[in-house]
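Protein chains in written order, with this note's numbering: chain Z, 1 to 218; chain V, 1001 to 1218. Every residue gets a Cβ at the ideal spot worked out from N, C-alpha and C, and that includes glycine.
2 protein chains.
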Amino acid sequence: MTRPATVRVVLADDERMVRTALRAILSAEPDLEVVGEAATGAEAVSVVRELRPDVVLMDVRMPEIDGIRATEQILATLDEPPRIVVVTTFENDSYVYDALRAGAVGFLLKRADADALVQAVRLVARSDSLLFPAAVRTLATEHARAHPAPPAWVAKLTGREREVLRHMADGQTNAEIARRMEVGPATVKSHVAAVLAKTGTRDRTQAVIAAYEAGFVN
Amino acid sequence: MTRPATVRVVLADDERMVRTALRAILSAEPDLEVVGEAATGAEAVSVVRELRPDVVLMDVRMPEIDGIRATEQILATLDEPPRIVVVTTFENDSYVYDALRAGAVGFLLKRADADALVQAVRLVARSDSLLFPAAVRTLATEHARAHPAPPAWVAKLTGREREVLRHMADGQTNAEIARRMEVGPATVKSHVAAVLAKTGTRDRTQAVIAAYEAGFVN
DNA sequence: CGGCCTCTCCCCCGTCCGGCGGAGGCGGAT
DNA sequence: ATCCGCCTCCGCCGGACGGGGGAGAGGCCG
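Encoded structure:
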């Protein structure tokens, strides 16, 4: 039962052309079968629930429910969930990391050639230990921790205040910051005060912590 | 020229049995050919330089030169380097991340079954856009940044000093730390002073920065 | 033109911080 | 038995920091 003769695939992508192309490529292989398609995340969930495919090729950006939440819902509600491969156009699409964290086993670029696609599908259909084991989940989680959504206060900082905060996060004193920015110490104090107010912190140490937590540094 | 009829593979692993097993599996496929073997990292470099394979299956832990440095050397010295796949026993072997950062295109678990292995080799032999593009390099780099080797000073901190540093990295004042640790403020000051000395920082803000950079927090 | 924001700088003041030197107790190592 | 490291505290001092004001100059936008 773990090795079906043919790999049953569902395609989830809001663009018909993409689905058609994928279907054409996969259907040419005797051991692969496209059993269903979905144009939205919600549709993907219901189609998968009904058809129980082995592999789902899931676009990340889709109307109604995006690929990430669709992935979550599929994995959460099915006993033997399919292997979900995220399909994306850009390598560093940050959604990809969310999808991996949600449980997708891998990701695939839309510009991949037909052979790569076919082999990827075969691969994920059965491999349980190849390229995307727990380690990828770890990586994706780390990525999320390393690049959280910037808090609201970041947008409120003026340019000068950002500069000052960066220097604070470098361990500079007000006097040093003043020298580096070629302004008076009093000016730096003003900016620091503004930073503290906007970050909701009470001293420079807490502000620097906030900067680190927000990924403001780097 | 980008699509050789047969994929030429070099095996680099210090255990003969592993090489034999890999060779047996790969040789059963008509389109795969094991053209060479190496038992050390240094040997791997010279063998690869001589034979110019399409794919290298590289063990991370090898005598003389490990898989990471062998990977680096191969990628640095060849014009059209082979695709290097790191072979490892444990998913979260931290060397794996080093290898990915060094330019390996993927990694493979030794407990992968024969089919997965074969397909992985075929896959990496040609795919230039599948599962391990630049994004993986990014991930690996992030991993390295997120888990650097702890600086020497970490080991030098006493238990109490670590506690104090954690509270500092939480934005607490000396008085607050004193209350939480149920000691006098003077005691906290002593510990803070020790932390500053051992971390080579001059004030609590810099110490907190050092703690963050060292991954002391989390 | 008249706000509004930003950037610049000034004052005072109380608090916190870090550097200095010292001290006592306690437990492990030699 | 002695020494050393760790933890606990003390006082003193100067400097840095943060809060509270205010104020002038320039730019942007309705």
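Thinking just about the alpha-carbon of each residue, which of the options is nearest to the one in residue i?
i, options, result
"V:VAL1047", "V:VAL1105, V:ALA1214, V:PHE1107 and V:GLY1036", "V:GLY1036"
"Z:GLN219", "Z:SER190, Z:ARG179, Z:VAL188 and Z:GLY171", "Given a span of 1 to 218 for chain Z in the structure shown, any question on residue 219 of chain Z remains unanswerable."
"Z:VAL154", "Z:LEU108, Z:ALA211, Z:ASP59 and Z:VAL45", "Z:ALA211"
"Z:ALA39", "Z:ARG83, Z:LEU100 and Z:VAL60", "Z:VAL60"
"Z:PRO239", "Z:VAL164, Z:ARG8 and Z:HIS167", "Lying outside 1 to 218, the shown extent of chain Z, residue 239 of chain Z is not represented and no answer is given."
"Z:VAL192", "Z:VAL208, Z:VAL164 and Z:VAL217", "Z:VAL164"
"V:ARG1083", "V:PRO1063, V:THR1158 and V:ARG1052", "V:ARG1052"
"V:THR1089", "V:ILE1068, V:PRO1081 and V:LEU1108", "V:LEU1108"
"Z:MET62", "Z:VAL217, Z:VAL18, Z:HIS167 and Z:GLU80", "Z:VAL18"
"Z:VAL121", "Z:SER27, Z:GLU80, Z:ARG16 and Z:ASP14", "Z:SER27"
"V:ARG1049", "V:ILE1068, V:ASP1079 and V:ARG1069", "V:ASP1079"
"Z:LEU157", "Z:ASP14, Z:VAL87, Z:GLY184 and Z:SER190", "Z:SER190"
"V:ARG1166", "V:VAL1217, V:ALA1186 and V:ASP1203", "V:VAL1217"
"V:GLY1067", "V:ASP1014, V:GLU1161 and V:LYS1110", "V:ASP1014"
"Z:VAL87", "Z:ALA186, Z:GLU176 and Z:LYS110", "Z:LYS110"
How should residue i be labelled, buried or exposed, when 16 other C-beta atoms within 10 angstroms of its C-beta is the threshold for buried?
i, result
"Z:THR6", "exposed"
"V:LYS1198", "buried"
"Z:GLU182", "exposed"
"V:VAL1208", "buried"
"V:LEU1130", "Low local confidence applies: a pLDDT of 43 at V:LEU1130 is under 50, so the model's placement there is unreliable, and no value is given."
"Z:VAL136", "The predicted position of Z:VAL136 is uncertain, since its pLDDT is 49 and thus under 50; no value can be drawn from it."
"Z:ARG179", "exposed"
"Z:GLY106", "buried"
"Z:ASP98", "buried"
"V:GLY1159", "exposed"
"Z:ARG16", "exposed"
"V:GLY1184", "exposed"
"V:GLY1200", "exposed"
What distance in whole Å lies between the Cβ atoms of residue j and residue i, which are believed to be in contact at a cut-off of 8 Å?
i, j, result
"Z:THR77", "Z:MET58", "Actually they do not touch by this definition, with Cβ atoms about 15 Å apart."
"Z:LEU32", "Z:VAL118", "7 Å"
"Z:VAL188", "Z:ASN174", "5 Å"
"Z:ILE25", "Z:ALA116", "No, Z:ILE25 and Z:ALA116 are not in contact; Cβ-Cβ is about 10 Å, not under 8 Å."
"Z:ARG202", "Z:MET168", "Z:ARG202 to Z:MET168, Cβ: 14 Å. No contact."
"Z:LEU123", "V:LEU1123", "6 Å"
Does the distance from the CB of residue i to the CB of residue j come in under 7 Å?
i, j, result
"Z:ILE65", "Z:ALA42", "yes"
"V:ALA1125", "V:VAL1055", "yes"
"Z:ARG23", "Z:VAL10", "no"
"Z:ALA44", "Z:ALA12", "yes"
"V:MET1214", "V:PRO1151", "It should be noted that the sequence gives Ala, not Met, for residue 1214 of chain V. Cβ distance < 7 Å, so V:ALA1214 and V:PRO1151 count as in contact."
When you check each C-beta in the stretch 1154 to 1165 of chain V against every C-beta of chain Z, which residues fall closer than 8 Å? none
With 8 Å as the C-beta to C-beta threshold (strictly closer), list the residues of the stretch 68 to 87 of chain Z near chain V in chain order. none
Which residues of the stretch 191 to 202 of chain Z have a Cβ closer than 9 Å to any Cβ of chain V? Give them in chain order. THR201 and ARG202
Relative to chain V, which residues along the stretch 49 to 67 of chain Z have a C-beta separation below 7 Å, given in chain order? none
Give the residues from the stretch 6 to 30 of chain Z that approach chain V closer than 9 Å (Cβ to any Cβ), ordered along the chain. none
Output needed in chain order: residues of the stretch 1173 to 1187 of chain V with a Cβ under 7 Å from some Cβ in chain Z. none
At a CB distance below 7 Å, what residues from the stretch 1031 to 1047 of chain V approach chain Z? Give them in sequence order. none
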